[in-house]
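*Asks:*
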Amino acid sequence: MDTPARATVLLFARYAELAGADRVEVPIGPGTDVRRVLQGLRDELPGAAALPEAPLCAINHQQARLSDAVRPGDIVAFLPPLAGG
Amino acid sequence: MDTPARATVLLFARYAELAGADRVEVPIGPGTDVRRVLQGLRDELPGAAALPEAPLCAINHQQARLSDAVRPGDIVAFLPPLAGG
Amino acid sequence: MGFLSEHPLDVGALAAAVAGPGRGGTCTFLGAVRDHHAGRGVVELEYSAYGPMAEATIGAIVAEAERRWPVRVAAAHRLGRLAVGDAAVAVAAAGAHREEAFAACRFVIEELKRRVPIWKRERFADGTEAWVDPTAVEASR
Amino acid sequence: MGFLSEHPLDVGALAAAVAGPGRGGTCTFLGAVRDHHAGRGVVELEYSAYGPMAEATIGAIVAEAERRWPVRVAAAHRLGRLAVGDAAVAVAAAGAHREEAFAACRFVIEELKRRVPIWKRERFADGTEAWVDPTAVEASR
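Those sequence lines, one after another, are chains U, R, H and Y.
Each step along the first sequence adds one to the number in my numbering, with nothing skipped, and position 41 is 41.
Each number in my numbering comes from the position in the second sequence (counting from 1) with 85 added on.
Each number in my numbering comes from the position in the third sequence (counting from 1) with 170 added on.
Each number in my numbering comes from the position in the fourth sequence (counting from 1) with 311 added on.
#1: Are any of the Cβ atoms in chain R nearer than 7 Å to that of Pro363/Y?
#2: Counting only beta-carbon atoms, is Gly396/Y nearer than 7 Å to chain H?
#3: Measure the CB-CB distance between Ala399/Y and Gly342/Y and report whether it falls below 7 Å.
#4: How would you list, in chain order, the residues of chain R whose beta-carbon sits under 8 Å from the beta-carbon of Ser359/Y?
#5: Per DSSP, Cys197/H forms a beta bridge with which residues?
#6: Run through chain H and tell me which residues come within less than 9 Å of Gly391/Y, C-beta to C-beta.
#7: Can you tell me which of the three DSSP states Ile372/Y falls into?
#8: If you draw a straight line from the alpha carbon of Arg291/H to that of Leu282/H, how long is it in whole angstroms?
#9: Look up Phe173/H in the DSSP assignment and give the residues it is bridged to.
#10: Does DSSP put Asp74/U in a helix, a strand or coil?
#11: Mind checking whether Thr196/H and Ala271/H have CB atoms under 7 Å apart?
#12: Quick one: what's got a C-beta closer than 8 Å to Pro428/Y's C-beta in the same chain, skipping five residues either side?
#13: Output yes if chain H places a C-beta closer than 7 Å to the C-beta of Leu341/Y; else output no.
#14: To the nearest angstrom, how far is the alpha carbon of Ala13/U from that of Pro381/Y?
#15: Which residues of chain Y have a Cβ atom closer than 9 Å to the Cβ of Leu164/R, listed in chain order?
#16: Okay, do the segment 140-155 of chain R and the segment 106-124 of chain R touch, 3+ Cβ pairs below 8 Å being the bar?
#17: Is the separation between the beta-carbon of Val395/Y and that of Val344/Y shorter than 7 Å?
#18: Please list the partners that Pro381/Y has in chain H, where partner means a Cβ-to-Cβ separation under 9 Å.
#19: If you check the beta carbons only, do Asp205/H and Gly333/Y fall under 7 Å apart?
#20: Given that Ile420/Y touches chain H, what residues does it touch there, using C-beta distances under 7 Å?
#21: Any beta carbon from chain U within less than 7 Å of Val298/H's own beta carbon?
#22: Below 8 Å between beta carbons is the criterion; list the residues of the segment 115-130 of chain R that meet it against any residue of chain A, in chain order.
#23: Residue range of the beta strand (DSSP E) that Ile59/U falls in?
#24: So, does the CB of Leu179/H fall closer than 7 Å to a CB anywhere in chain U?
#25: Just to confirm, are Ala104/R and Ala133/R a CB contact at a threshold of 7 Å?
#26: Report the rounded CA-to-CA distance for Val353/Y versus Gly169/R, giving the unit in angstroms.
#27: For Val402/Y, which of Glu410/Y, His408/Y, Ala415/Y has the nearest alpha-carbon?
#28: DSSP beta-bridge partners for Val26/U?
#29: Grab the span of the alpha helix (DSSP H) containing Gly268/Y for me, first residue to last.
#30: Along chain R, which residues have their Cβ under 8 Å away from the Cβ of Ala386/Y?
#31: With DSSP run on the structure shown, which of helix, strand or coil describes Glu411/Y?
#32: Compare the C-alpha of Gly194/H against each of Ala306/H, Trp289/H, Leu184/H, Glu269/H and name the closest.
#33: At a CB-CB cut-off below 8 Å, which residues of chain H make contact with Phe330/Y?
#34: Considering just the uninterrupted stretch of the beta strand (DSSP E) at Gly352/Y, what are its terminal residues?
#35: Using the Cβ count rule (16 or more neighbours within 10 Å means buried), how would you classify Gly313/Y?
#36: So with CB distances below 8 Å, who are the chain Y contacts of Leu167/R?
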């Protein structure tokens with residue numbers, strides 16, 4: 001049997017603190033989008049329930065939308081409000 | 086007999102080149118204004134005839150008008166178009 | 171040229187990097203850690219970044235500025251712990267005339283703040299700490 | 312702080328002079344001698360000034376900027392012979408926020424160019440020389 005397809009989730013700054021993790025491997029199936037990945041995090045990590053409904057997100061280091069598809073091997077990132085400068 | 090009242094005229098940059106002098110003592114009388122000082126320069130220094138009719142001018146290091154009065158001991162300056170920076 | 175750095179920023183080096191005999195105007199901006207924020211005393215900041223995305227975004231912003239104006243631009247953002255007065259972000263833009271140097275420098279610092287995935291945690295004079303959320307802070311400025 | 316100088320300008324020193332723990336944003340402008348002007352190759356410039364009036368005017372412009380915005384400002388203008396790339400004028404403005412730092416820096420360079428009695432003579436690549444008259448030059452920029 002194949003190992004299930006996976007994506008990597010990165011969490012930063014306050015979101016990493018809330019979730020208690022800054023990097024999580026998640027299983028993905030056909031039709032998985034960023035929103036479903038976020039929902040999966042909430043189900044797996046109690047602290048992730050405190051993440052907002054619609055955080056900034058990225059796929060493979062590029063800004064993305066919650067409705068964008070996630071493919072095996074993708075790196076999905078959830079970004080708190082930016083505070084550089 | 087008193088020595089005549091005088092003012093000092095300063096010329097800069099292109100105006101000094103035209104007039105062939107950068108500092109001139111000029112006699113002044115009652116009612117002398119900057120315009121009359123300029124006319125006096127034209128009469129005394131052949132090259133000064135090439136100065137414009139209404140150059141920028143200053144009295145005692147402060148911008149002035151051609152109609153401003155010139156008093157004994159004043160420093161009158163005629164300034165080519167400014168080109169700092 | 172755009173990059174992240176764990177070491178102190180040198181805005182003079184950025185300005186030198188964009189200088190050239192045809193570029194008579196250089197505008198720089200240096201953002202340093204202030205001793206106060208939203209009415210509270212600040213003693214230290216810690217910056218963290220989503221490194222690959224942040225570097226790519228800084229590079230994209232620099233390239234946008236260089237397309238939009240006839241300028242050369244360099245920009246850098248510091249990461250790690252910074253004390254009050256330490257430089258957090260530096261931008262230099264040079265062009266033939268001052269208009270484009272000012273415009274490009276301002277554009278780059280605005281876009282850096284808006285688009286680069288960097289976060290900062292403030293330690294206050296009273297010993298507490300907090301992540302900075304500019305979306306919450308604007309009202310109190 | 313505003314002054315004329317016969318020696319090379321150091322914009323970093325001006326920026327350091329206006330820095331402070333509450334001033335998180337510093338904008339600088341450095342104007343350097345370009346290798347071309349109005350379509351001609353330039354090899355050297357010579358700046359001269361009406362010294363007392365120029366120093367007083369630079370000081371007045373700095374004071375105006377510091378009254379108009381919550382900033383500290385330093386400005387300096389070079390005199391004498393300059394080669395291509397040499398700094399002719401430098402301005403630094405620091406405030407709590409970048410808006411006032413940019414606005415004050417821009418104001419000061421514009422006013423310096425408009426109001427300070429300084430003149431420049433250009434030596435061109437073809438060996439000729441001429442006084443710069445900005446009132447004549449604007450049309451050819």
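Ideal Cβ positions, reconstructed from N, Cα and C, are used throughout, including at glycine.
*Replies:* The short version:
#1: Yes, Pro363/Y lies at the interface with chain R (some Cβ there is under 7 Å from its Cβ).
#2: The Cβ of Gly396/Y sits closer than 7 Å to at least one Cβ of chain H.
#3: yes
#4: Phe97, Ala98
#5: Ala263/H, Phe340/Y
#6: Per Cβ cutoff of 9 Å: no residues; Gly391/Y is ~18 Å from chain H at best.
#7: helix
#8: 18 Å
#9: Ala246/H
#10: coil
#11: yes
#12: Ala360, Tyr361, Met364, Ala365, Thr368
#13: Closer than 7 Å to some Cβ of chain H, the Cβ of Leu341/Y qualifies, so yes.
#14: 33 Å
#15: Tyr361, Met364, Pro428, Trp430
#16: Enough Cβ pairs lie closer than 8 Å, so yes.
#17: yes
#18: In chain order: nothing, as chain H lies at least about 13 Å away.
#19: At a Cβ-Cβ threshold of 7 Å, Asp205/H and Gly333/Y count as neighbours.
#20: Arg268
#21: Note that residue 298/H is Thr in the sequence shown here, rather than Val. No, Thr298/H does not count as interfacial toward chain U.
#22: In the structure shown, chain A does not exist; the protein chains are U, R, H and Y.
#23: 56-59
#24: no
#25: yes
#26: 16 Å
#27: Ala415/Y
#28: Beta-bridge partners assigned by DSSP to Val26/U: Ala7/U.
#29: In this structure chain Y extends from 312 to 452, so residue 268/Y is not present and cannot be described.
#30: Within 8 Å Cβ-Cβ: nothing; Ala386/Y doesn't reach chain R, min ~11 Å.
#31: helix
#32: Glu269/H
#33: According to the sequence displayed, residue 330/Y carries Ala and not Phe. Neighbours of Ala330/Y on chain H, chain order: Ala202, Gly255.
#34: 351-360
#35: buried
#36: Under the 8 Å cutoff, chain Y gives Lys424, Arg425, Arg426, Val427, Pro428, Ile429, Trp430, Pro445.
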